[in-house]
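If you're matching positions, the sequence shown starts at 1 in UniProt numbering and goes up one per residue. Just so it is clear, CB atoms sit at the ideal spot from N, CA and C, and this is done for glycine as well. Below: the structure, in structure tokens.
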Amino acid sequence: MSDEETPNTEPSTSETTNEAGSSATGVTDDDNQCQSTSVANPNSGALEVAEDKAAATDEYIRLRVITSDMTNEVHFRVKAATALVRLKRSYCSKLGFQVDELRFVFDGHRITDEDTPKSLGMINDDVIEIYQERTGGM
């Protein structure tokens with residue numbers, strides 16, 4: 001083999017080592033591992049919980065409101081902690097109904113004015129069904 005074909009077998013490093021085998025910076029690989037673990041913020045878990053609480057209060061949920069005969073569908077974007085009475089009033093005012101003329105149902109249960117998407121366990125694109133209120137019966 002000629003000189004051009006011989007591969008370079010010397011490893012290239014950016015650090016120089018002294019006679020004792022430690023790096024020029026005075027930090028060994030074991031020290032680097034300890035430093036990387038000690039750099040982690042011990043309060044990071046507490047900070048994440050606070051951020052989760054802040055995100056939960058401002059979290060928006062997209063809901064679909066559909067009539068029982070599937071002829072009309074309206075999409076709402078509401079905060080998870082907002083009472084659903086606001087959604088009910090908004091829907092009725094847009095379609096010309098009184099709130100007491102319609103029944104709003106989620107997962108087979110009637111939605112009360114105090115219910116919130118969070119209290120009902122709603123997620124994005126959940127469906128609220130609308131039925132006409134019926135009084136009396138036979």
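Quick one: what's residue i bridged to in DSSP?
i, result
"Gly-79", "For the sequence presented, residue 79 should be read as Lys rather than Gly. Tyr-60."
"Leu-102", "Gln-132"
"Thr-67", "Ile-130"
"Val-74", "Val-65"
"Arg-110", "Val-105"
Check this for me: beta carbons of residue i and residue j, under 8 Å apart or not?
i, j, result
"Ile-128", "Phe-106", "yes"
"Tyr-60", "Arg-86", "no"
"His-75", "Arg-64", "yes"
Ignore the nearest five residues each way along the sequence and tell me which others in residue i's own chain have a CB closer than 7 Å to its CB.
i, result
"Thr-116", "Ala-80, Ala-81, Thr-82, Ala-83, Leu-84"
"Asp-125", "Arg-62, Arg-64"
"Gln-35", "Caution applies to Gln-35, whose pLDDT of 45 falls short of 50 and renders its modelled position unreliable; the model cannot decide the point."
"Leu-120", "Phe-106"
So, at 6 Å on beta carbons, what are the nonlocal neighbours of residue i in its own chain, with the 5 sequence-adjacent residues on each side left out?
i, result
"Thr-25", "Per-residue confidence for Thr-25 stands at a pLDDT of 46, beneath the threshold of 50, marking its modelled position as unreliable; the derived number appears in the next sentence. Taken in chain order, the list of residues that qualify is empty."
"Lys-118", "Ala-80, Ala-81"
What did DSSP end up calling residue i once you bin it into helix, strand or coil?
i, result
"residue 139", "Residue 139 falls outside the range modelled here, since the chain spans only 1 to 138, and no answer is possible."
"Leu-87", "helix"
Suppose the cutoff is 8 Å on Cβ atoms and the five residues either side in sequence are ignored; what does the same chain contact list for residue i look like?
i, result
"Arg-103", "Arg-110, Ile-130, Tyr-131, Gln-132, Glu-133"
"Asp-100", "Glu-133"
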